[in-house]
Amino acid sequence: MSQNPHVQLGMAVLVALLLGVLLLALKPKNRATIRNLLVGLLLLGALLLAAHLLQAVPAERASMVLRVIVLIGVGAVLIRFGCLFVFTSLLPRLRVDLPRIAEDLAFTGLFVAWLIYGLHGAGLDLGSLLATSAVITAVLAFSMQDTLGNVLGGVVLQLDDSLRVGDWVRIDNISGRVVDVRWRHTAVETRDRETVIIPNGWMVKNRFTVIGSRRDPQLRWRRWVWFNLSLDTPPSEVISTLEDCVADSGVPHVVLDPRPSAVLMEVGQGYARYALRFWICEAQPDDPSDSAIRQHALAALARRGIGLAVVTEERLVIKENERRRASLAADEIKRRKRLLSEVDLFSSLSDEELTELASHLVTAPYPKGSTITRQGRVAHWLYLIVSGNADVWMEQDGERTHLATLMPGSVVGEMGMMTGDARRATVTARTDVACLRLGKIAFQSILRARPEIASEISSVISAREGQLDLARQAAASRNENQVHREALGARIRAFFGLDE
1 MSQNPHVQLG MAVLVALLLG VLLLALKPKN RATIRNLLVG LLLLGALLLA
51 AHLLQAVPAE RASMVLRVIV LIGVGAVLIR FGCLFVFTSL LPRLRVDLPR
101 IAEDLAFTGL FVAWLIYGLH GAGLDLGSLL ATSAVITAVL AFSMQDTLGN
151 VLGGVVLQLD DSLRVGDWVR IDNISGRVVD VRWRHTAVET RDRETVIIPN
201 GWMVKNRFTV IGSRRDPQLR WRRWVWFNLS LDTPPSEVIS TLEDCVADSG
251 VPHVVLDPRP SAVLMEVGQG YARYALRFWI CEAQPDDPSD SAIRQHALAA
301 LARRGIGLAV VTEERLVIKE NERRRASLAA DEIKRRKRLL SEVDLFSSLS
351 DEELTELASH LVTAPYPKGS TITRQGRVAH WLYLIVSGNA DVWMEQDGER
401 THLATLMPGS VVGEMGMMTG DARRATVTAR TDVACLRLGK IAFQSILRAR
451 PEIASEISSV ISAREGQLDL ARQAAASRNE NQVHREALGA RIRAFFGLDE
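Reading the sequence shown from the start, the letters are residues 1 to 500 in our numbering.
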């Protein structure tokens, strides 16, 4: 460089310009970066011309400073062009996918090495200067603390595979897709087309959520939509309605595997709060998917006559408050008396006695699958089934045998209330069952006033017990026949060698 420094630098500028033009011909993604570098080369060429003119003045020292600047600048541009070619053209053609931070770190490392070399060639030993000046070293270390933290944070995020370009993430109140991981920051593009720049050091120190499972290459994201519904409809009916509406909706990006599910999350004053949970396979249309499912759910609820719950405050402004309450209570008593009168167990009771019993009945709902009463337990009350169906089971040696199915109007547990005996069978709700419960104390006053009722009721209970015994015997006979058939079949297979 001492013989013809300006000529050599001029040749370097021309070579860099030619490389830049060739890179543009390859049509890379970051054409704007290459154009900016070419403009920078033209400026470096202007500085080189200024250095040549200063040398002719003469102003050798100023000319040398400009030459060093041009040397370092041209080297930086060549390094940048080389990194662009390798990371954006060569490696993608070889199907090698490296994160963007690898390009940034490669450029930074090569540029620092070139900077030290260029300054050393100009007579400035940067390493010795930093080693002998503790103050400068301390100032540089302190000022670069955050920068080094961001660089190391970006490296850590890539090495432990906790974040990838293309991942959908949620950071505090920000939700979007990772579009770039650079040496200093991670860029997240939100659904509003806003790019949020987050320092890598912050990402390493704080918690963020990656949407989707690392073990499943296909995205599955569960969404929740909420409904406050009236308490008038049984939860099982609401749940089936909500789940079926998702299966029949045909909303894009909504998948049926895993299956959608509805759950009762809360019960408040006048409302039941349900959550409808479904899965989508694309994170971009999250809110549109929620909106579409809400529309289908509201339509399905309306078709089934299930209304939304509204927090209300009721105030009776009529003067006959007590009269109105008494009227409602009387209507309920009439309804219960009608139900009791249809039961053969209470057929011998008078109207006044039915009224007294009706006033002591307690509502007892049982969801589908729940146990109404269990064999062997002692309970001094009976149940009158108002709606729904229930199954009667006999349990023996850990096995359960079905005896009968009870319909509305049937009575469960009369022996426990009348004699104190333990339950002789287990009764479960086949569907949602609404019962009215009657306890021993409520019936005691009627028996004391008219003891002859006991003998009348005993005949009814005896007949019902006979029916239950017949059902038990029939079930036992079926079991014996089945065992006999299985044993006989095994003997036939063994005789003909079918099991060999």
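Idealized CB from N, CA, C, for every residue including glycine.
Between the CA atoms of residue j and residue i - distance to the nearest angstrom
i	j	result
M1	Q8	Low confidence applies to M1: its pLDDT is 42, below 50, so where it sits in the model is not reliable enough to give any reading.
W221	Y274	19 Å
K205	C281	30 Å
E194	V169	14 Å
V267	F278	22 Å
S291	A297	10 Å
R304	D244	12 Å
F496	A364	Since pLDDT at F496 reaches only 48, below the 50 mark, its modelled position is unreliable, and the value read off the structure follows with that caveat. If I take the Cα positions, the gap works out to 58 Å.
I174	P199	14 Å
L49	T209	55 Å
R67	A51	6 Å
V263	L242	10 Å
K337	R325	18 Å
L115	L105	15 Å
E352	D248	54 Å
C435	D161	58 Å
I79	V39	16 Å
S359	E322	18 Å
F111	G118	10 Å
G10	A283	53 Å
V86	M265	55 Å
D216	V15	49 Å
I34	R95	23 Å
D172	V188	13 Å
L19	I69	20 Å
F443	S350	13 Å
F346	I453	9 Å
E103	R61	36 Å
I293	G376	47 Å
G109	W183	12 Å
L53	A113	30 Å
H380	P451	19 Å
D344	I461	10 Å
G201	A302	52 Å
I211	S89	31 Å
Y271	L163	42 Å
Beta bridge counterpart(s) of residue i as assigned by DSSP
i	result
V188	V178, V196
A364	C435
R170	S175, T209
L18	Per DSSP, none; premise fails for L18.
A404	V392
T426	W393
V165	Answer by DSSP bridge pairing: none, since V165 is not bridged.
V7	BP columns for V7 are empty, so no partner.
V501	Residue 501 lies beyond the range of the chain shown here (1 to 500); nothing can be said about it.
Inter-residue CB distance, residue i and residue j (contact presumed, cutoff 8 Å)
i	j	result
L308	L256	Not really, about 26 Å apart at Cβ, beyond 8 Å.
V178	G166	6 Å
L357	L447	At roughly 11 Å, the Cβ-Cβ gap does not stay under 8 Å, so L357 and L447 are not in contact.
R223	S289	6 Å
L84	L23	6 Å
V378	G420	7 Å
S341	L361	At roughly 13 Å, the Cβ-Cβ gap does not stay under 8 Å, so S341 and L361 are not in contact.
V246	P258	The Cβ separation is near 11 Å, so there is no contact.
L37	F81	7 Å
M203	L157	6 Å
I306	V225	Contact doesn't hold; Cβ gap of about 15 Å is too wide.
The ligand FAD heavy atom lying under 6 Å from the CB of residue i
i	result
P288	The ligand FAD is absent from the structure shown, which contains no ligand whatsoever.
Does the count of Cβ pairs from the segment 225-237 and the segment 251-258 closer than 8 Å reach three?
Counting Cβ pairs under 8 Å, fewer than three are found: no touch.
Beta strand (DSSP E) runs wholly inside the segment 252-333, at least 3 long, in chain order:
The segment 252-333 contains these whole beta strand (DSSP E) runs: 261-268, 271-280.
Entirely within the segment 203-260 and at least 3 residues each: give me those beta strand (DSSP E) ranges in chain order.
Runs found: 221-229.
Across the segment 69-85 and the segment 34-45, are there enough close Cβ pairs to call them in contact, namely three or more that are closer than 8 Å?
Under the three-pair Cβ rule at 8 Å, the segment 69-85 counts as touching the segment 34-45.
Uninterrupted beta strand (DSSP E) stretches inside the segment 340-402 (no shorter than 3 residues):
Here the runs fully enclosed are 362-366, 371-373, 381-387, 390-396.
Go through the segment 25-75 residue by residue and report every complete run of the beta strand (DSSP E) that reaches 3 residues or more, in order.
Within the segment 25-75, complete beta strand (DSSP E) segments of at least 3 residues are not found at all.
Tell me, please, whether the segment 356-370 touches the segment 398-415 by the rule of three or more beta-carbon pairs shorter than 8 Å.
Flag = no, the segment 356-370 and the segment 398-415 do not touch.
Is the number of C-beta pairs between the segment 453-462 and the segment 379-388 that are closer than 8 Å three or more?
The answer is no - the segment 379-388 does not touch the segment 453-462, with fewer than three Cβ pairs under 8 Å.
Per the contact definition of three or more C-beta pairs closer than 8 Å, is the segment 321-335 in contact with the segment 369-376?
Fewer than three beta-carbon pairs drawn from the segment 369-376 and the segment 321-335 are found closer than 8 Å, and the two stretches are therefore not classed as touching.
Report yes or no: do three or more beta-carbon pairs, one from the segment 386-404 and one from the segment 424-440, lie closer than 8 Å?
The answer is yes - the segment 424-440 touches the segment 386-404, with three or more Cβ pairs under 8 Å.
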